[in-house]
Amino acid sequence: MPVCPLDYRYGREEMKRVFSNEARIQKMLEVEAALARAHAKLGHIPESAAEEISKKASLEHVKPERVDEIEREIKHDVMALVKAFSEVCEGDAGKYIHLGATSNDIIDTATALQLRDALNIIEKDLIMLGNTMSALAKKHRDTVMLGRTHGQMATPITFGLKIAVYLDEIRRHLERLRESRKRITAGKMMGAVGTGAGFGDDALKIRELVGKELGIDMALASGQVVGRDRYIEFIALASNIATSLEKFATEIRNLQRPEIDEVAEAFDVEKQVGSSTMAHKRNPITSENICGLARIIRGFMIPQMESAVLWHERDLTNSSAERFTLPHTAILLDDILVKIENVFRNLVVKPENMLRNLERSRGLIMAEAVMLALSSKGMGRQEAHELVRRLSMRAESEKKHLKEVLMKSDEIGALLNPDEIERIMDYRNYTGKAEEIVDMVVERWEKGA
Numbered sequence: 009m010p011v012c013p014l015d016y017r018y019g020r021e022e023m024k025r026v027f028s029n030e031a032r033i034q035k036m037l038e039v040e041a042a043l044a045r046a047h048a049k050l051g052h053i054p055e056s057a058a059e060e061i062s063k064k065a066s067l068e069h070v071k072p073e074r075v076d077e078i079e080r081e082i083k084h085d086v087m088a089l090v091k092a093f094s095e096v097c098e099g100d101a102g103k104y105i106h107l108g109a110t111s112n113d114i115i116d117t118a119t120a121l122q123l124r125d126a127l128n129i130i131e132k133d134l135i136m137l138g139n140t141m142s143a144l145a146k147k148h149r150d151t152v153m154l155g156r157t158h159g160q161m162a163t164p165i166t167f168g169l170k171i172a173v174y175l176d177e178i179r180r181h182l183e184r185l186r187e188s189r190k191r192i193t194a195g196k197m198m199g200a201v202g203t204g205a206g207f208g209d210d211a212l213k214i215r216e217l218v219g220k221e222l223g224i225d226m227a228l229a230s231g232q233v234v235g236r237d238r239y240i241e242f243i244a245l246a247s248n249i250a251t252s253l254e255k256f257a258t259e260i261r262n263l264q265r266p267e268i269d270e271v272a273e274a275f276d277v278e279k280q281v282g283s284s285t286m287a288h289k290r291n292p293i294t295s296e297n298i299c300g301l302a303r304i305i306r307g308f309m310i311p312q313m314e315s316a317v318l319w320h321e322r323d324l325t326n327s328s329a330e331r332f333t334l335p336h337t338a339i340l341l342d343d344i345l346v347k348i349e350n351v352f353r354n355l356v357v358k359p360e361n362m363l364r365n366l367e368r369s370r371g372l373i374m375a376e377a378v379m380l381a382l383s384s385k386g387m388g389r390q391e392a393h394e395l396v397r398r399l400s401m402r403a404e405s406e407k408k409h410l411k412e413v414l415m416k417s418d419e420i421g422a423l424l425n426p427d428e429i430e431r432i433m434d435y436r437n438y439t440g441k442a443e444e445i446v447d448m449v450v451e452r453w454e455k456g457a
């Protein structure tokens, strides 16, 4: 009976497979096989034994059901795997499995392989999202809209700039992922307390060979387990990305509000239902879903950080927590990355409503432009600010367009003629370098992605 929503509601199969019980066992078998090959290369065990171990290191031979059966009897997951693995190896090869190793040599190195696969998926997700944002930013490079601060009308921006800001954030996340990959995906192979004593004089060579066999870095120094700062970095990276996605989704939710109505999630008007009772509803449900799941991802930061605080060379308090933190974080992050990309790819953008909202400001959003124009004519900046502030307050109280109030002001007329006021009050003339910034961000993305 499924209980966890990951089993029936959230997450894609591609990422779920990475953290499935079958994948975990397969990765552990691969680590055991790599260890056997390292021993054989150094002459510790027969080449034929390493070959047999490598040949049988798959779920085709080692059945998860048999591993579970043994674990129920002996109450130890890694020894259950070792016993089940040994059973299927012909001759005396089975007696060389796990030679000199401790459980977390296998578990942590297998986890490194899983995290490597997970990061590869997340990297592809980020690139896909960035490419979609890049296309959207280019399309709306010149689409003028209201900028908003404190939830209030500010000055004009372009929708392309808004998306370019998000795109550059995704570029930084991609950069962070690539920079942290080697630290996050490190294994270990130094025995019970990190000395390598169980491997004898060749301990450092064994560690090196296993790392090369598996294509990952190995921890330079460790206790019984890989330092959990590595896993904290993974959860922190995921939480950082998830926070950005929640921010993007929150903006979409706000801009979809009927009183703003500048963008909207795609909605299937033929079949989609917005509410069980309010038949007219078109809710931004995907963006809301993203916001909720992002909070769950961030919630794993505390248990993962606490899992780094272990007694001496290691205790077991991290193990149960990490069975939740690592797979749930990866699965949910992949889930919301794909969802937000779909939202942006199918986003309904409404330039006509953006223009309508600009007009609703009755020109007040151009107050800064007027102030700076007055300053350029010789009026002191503070004096210009106070003059425009008073005229703006008058326009607001009298429900008039700011341009009308400016045209009737003798103080303004002394420095600005009607044609100049008309030009200053044109929203399109006050988007600064927005278009150039969009071009710069898109170019940088296309070079680096």
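When we follow the numbering used here, the leftmost residue of the sequence shown carries the number 9, and every step to the right adds one.
Where a beta carbon is used, it is the ideal one built from N, C-alpha and C, also for glycine.
Legend entry - Nearest to Lys-24 (by Cα), restricted to the options Lys-255, Ala-272, Ile-129 and Arg-290: Cα-wise, what sits closest to Lys-24 is Ile-129.
Inset, instruction - Specify the secondary structure class of Leu-222 as computed by DSSP and reduced to three states. - result: Helix.
Inset, instruction - Taking all protein chains shown into account, decide if Ala-41 is buried (16 or more other Cβ within 10 angstroms of its Cβ) or exposed. - result: Under this definition Ala-41 is a buried residue.
Legend entry - Range covered by the beta strand (DSSP E) that runs through Val-152: Here the beta strand (DSSP E) through Val-152 covers 152-157.
Inset, instruction - Spell out a yes or no on whether the region 197-214 and the region 165-182 are touching, meaning 3 or more CB-CB pairs, one atom from each, closer than 8 Å. - result: Because the criterion of three Cβ pairs below 8 Å is not met, the region 197-214 and the region 165-182 do not touch.
Legend entry - Buried/exposed call for Ser-247, threshold 16 Cβ in 10 Å: Classified as buried, Ser-247 has 16 or more neighbouring CB atoms from the shown chains inside 10 Å of its CB.
Legend entry - Alpha-carbon to alpha-carbon, Ala-109 and Ala-200: C-alpha of Ala-200 to C-alpha of Ala-109: approximately 7 Å in a straight line.
Inset, instruction - Can you tell me which of the three DSSP states Gln-160 falls into? - result: Taken through DSSP and simplified to helix, strand or coil, Gln-160 comes out as strand.
Inset, instruction - Return the residue from the list Ala-44, Tyr-435, Lys-196 and Ile-268 that minimises the CA-CA distance to Leu-228. - result: It is Lys-196.
Legend entry - Segments assigned beta strand (DSSP E), at least 3 residues, entirely inside the region 384-450: Segments of the beta strand (DSSP E) lying fully in the region 384-450: there are none.
Legend entry - Exposure of Cys-12, with buried meaning 16 or more beta-carbon neighbours within 10 Å: Using a 10 angstroms sphere on the CB of Cys-12, the tally of other CB atoms stays under 16, which defines it as exposed.
Inset, instruction - Please go through the same chain and pick out, in chain order, the residues whose beta-carbon is closer than 7 Å to the beta-carbon of Leu-423, but skip the five residues on each side of it. - result: Closer than 7 Å at Cβ, skipping near neighbours: Leu-382, Lys-385 and Met-387.
Inset, instruction - Assign Met-198 to one of two classes, buried (16 or more other C-beta atoms within 10 Å of its C-beta) or exposed (fewer than that). - result: It counts as buried.
Legend entry - The alpha helix (DSSP H) enclosing Thr-140, as first and last residue numbers: Going by DSSP, Thr-140 is part of the alpha helix (DSSP H) stretching over 111-147.
Legend entry - Contact between the region 291-299 and the region 334-348 (3+ Cβ pairs under 8 Å): The region 291-299, when compared against the region 334-348, does touch it at the 8 Å Cβ threshold.
Legend entry - Where Thr-203 falls, given that 16 or more other Cβ within 10 Å makes a residue buried: Exposed is the label assigned to Thr-203, since fewer than 16 other Cβ atoms lie within 10 Å of its Cβ.
Legend entry - Three-state secondary structure (DSSP) of Ala-458: Any answer about residue 458 is impossible in this case: the structure gives the chain only from 9 up to 457.
Legend entry - Three-pair Cβ contact test at 8 Å for the region 441-448 versus the region 154-166: Here the region 441-448 lies against the region 154-166, with 3 or more beta-carbon pairs under 8 Å apart.
Inset, instruction - Give the straight-line distance between the Cα atoms of Leu-245 and Thr-140, rounded to the nearest whole angstrom. - result: So the alpha carbons of these two residues sit roughly 21 Å apart.
Inset, instruction - Compare the beta carbon distance of Phe-93 and Leu-37 with 8 Å and say whether it is the shorter of the two. - result: Going by C-beta atoms, Phe-93 is nearer than 8 Å to Leu-37.
Legend entry - alpha helix (DSSP H) segment containing Ala-274, residue limits: From DSSP, Ala-274 is part of no alpha helix (DSSP H); its letter is neither H nor E.
Legend entry - Given Glu-68 as reference, the closest of Glu-21, Glu-30 and Gln-312 once Cα atoms are compared: Looking at the Cα atoms, Glu-30 is the closest of the given residues.
Inset, instruction - Please look up how many angstroms separate the CB atoms of Val-152 and Met-362, rounded, as I've assumed it's under 8 Å. - result: Contact between Val-152 and Met-362 holds: CB atoms are separated by about 7 Å, below the 8 Å threshold.
Inset, instruction - Rank Glu-59, Ile-82, Ile-53 and Val-90 by C-alpha distance to the C-alpha of Lys-71 and give the top, closest one. - result: With distances taken between Cα atoms, Lys-71 lies closest to Val-90.
Inset, instruction - Name the two residues that bound the continuous alpha helix (DSSP H) containing Ser-66. - result: Note, Ser-66: premise wrong, no alpha helix (DSSP H); not H, not E.
Legend entry - Proximal residues to Glu-98 (C-beta, below 7 Å), its chain only, five neighbours per side dropped: Contacts found: Glu-60.
Inset, instruction - Ignore the nearest five residues each way along the sequence and tell me which others in Glu-376's own chain have a CB closer than 7 Å to its CB. - result: Scanning its chain for C-beta atoms nearer than 7 Å, with the 5 sequence neighbours on each side dropped, one finds around Glu-376 the residues Thr-163, in chain order.
Legend entry - C-alpha distance - Glu-367 paired with Leu-410, whole-angstrom precision: Per the coordinates, the alpha-carbon of Glu-367 lies some 11 Å from the alpha-carbon of Leu-410.
Inset, instruction - Using the Cα positions of Arg-32 and Val-26, report the straight-line distance between them to the nearest angstrom. - result: Looking at the two C-alpha atoms, the distance is approximately 8 Å.
Legend entry - Candidates Ile-304, Leu-318, Leu-253 and Leu-399: closest to Tyr-18 by CA position: Checking every option, the nearest Cα to that of Tyr-18 belongs to Ile-304.
Legend entry - Ile-82 classed as buried or exposed, judged by whether at least 16 other C-beta atoms fall within 10 angstroms: Exposed, because fewer than 16 other Cβ atoms sit within 10 Å of the Cβ of Ile-82.
Inset, instruction - Put Val-356 into one of helix, strand or coil per three-state DSSP. - result: Correct three-state label for Val-356: strand.
Inset, instruction - Would you kindly check if the distance between the Cβ of Ala-302 and the Cβ of Ala-338 is under 8 Å? - result: Between Ala-338 and Ala-302, the CB-CB gap reaches or exceeds 8 Å.
Legend entry - Among Ala-120, Gly-102, Lys-455 and Glu-55, nearest to Gly-235 - alpha-carbon criterion: Looking at the Cα atoms, Ala-120 is the closest of the given residues.
Inset, instruction - Pull up the distance between the alpha-carbon of Ile-178 and that of Ser-405, whole angstroms please. - result: C-alpha separation (whole angstroms): 43 Å.
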